[in-house]
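The letter at position 79 of the sequence shown is residue 64 when you use our numbering, and the numbering goes up by one with no holes. Ideal Cβ placement from N, Cα and C applies to all residues, glycine included. Every value quoted in this text rests on a predicted model; they were computed, and no experiment measured them. Taking it in order: structure first as structure tokens, then the write-up.
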Amino acid sequence: MLELKPDDLPLHGIKALALDFDGVLSPHGADEPLPEVAEWLKRCCSVLGPQHVVILSNRPTEERRGMLAQRFPGVRLVAGVRKKPYPDGLNKTGELTGVPLSTILMADDRLLTGCLAALLAGAIPFYVRSPLVRLRGNFRKELFFMILRSLERLYIRLIN
Ligand SMILES: [Mg+2]
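In structure tokens, the structure reads:
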């Protein structure tokens, strides 16, 4: 995630960000971003404006909404839409941010949820190749998602 440099975003014509949570801002299931990612997120807010940063997670919990309101005022959490890979969340992001979908970058660690949703909506997918993982206390769930990500990459390779 941190490989995406906030200051470079406008240079590439990116006006808004849609960010996945699990694996992108934090290891699976956490409700707070890791400290270094929190700094990164704050910088994105400074560069683009917090109203142009949206969290698009398939788990839009109230804990996450409260955390965002407190620590990242202005950053919205999209909820009440069909889950990724349906493009609904990205369409909603376009409405909330008021910028064209072609200028919205969706960062996700899953090819067949967030990245596919971005393609379906006409937004820009950014595949997070090195997701945030914490195996201690969460081994089964993280292992499940590691296998799932590998299978997705294999599937995409096979159909190409
Ligand atoms: Mg994820």
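In chain order, the residues that have a beta carbon nearer than 6 Å to some heavy atom of ligand 1 are Asp5, Asp7, Gly8, Val9, Asp93, Asp94 and Arg95. A straight-line Cα-Cα distance of about 15 Å links Leu(-4) and Gly34. Close CB contacts of Ser11 within its chain, under the 8 Å cut and outside five residues either way in sequence, are with Glu17, Pro18, Leu19, Val22 and Leu117 (chain order).
Per DSSP, the unbroken beta strand (DSSP E) holding Asp93 starts and ends at Ile89 to Asp93. Contact annotation, Leu75 with Leu86: C-beta distance approximately 6 Å; criterion of less than 8 Å satisfied. Of the residues Ser42, Gly122, Gly83 and Leu53, the one whose Cα lies closest to the Cα of Asp94 is Ser42.
In this chain, Val22 is not harboured by any beta strand (DSSP E); it is covered by the alpha helix (DSSP H) spanning Pro20 to Leu33. Assignment of Ser135 by DSSP, reduced to helix, strand and coil, places it in the helix class. Assigned with DSSP and collapsed to three states, Ala64 falls in coil, not helix or strand.
For the pair Asp(-7) and Arg125, the Cα-to-Cα distance works out to about 37 Å. Here the alpha carbon of Ala3 sits roughly 18 Å from the alpha carbon of Ala15.
Exclusion of the five residues before and after Arg49 leaves Phe6, Asp16, Ile40, Ser42 and Leu62 as the residues of its chain whose Cβ lies within less than 8 Å of its Cβ.
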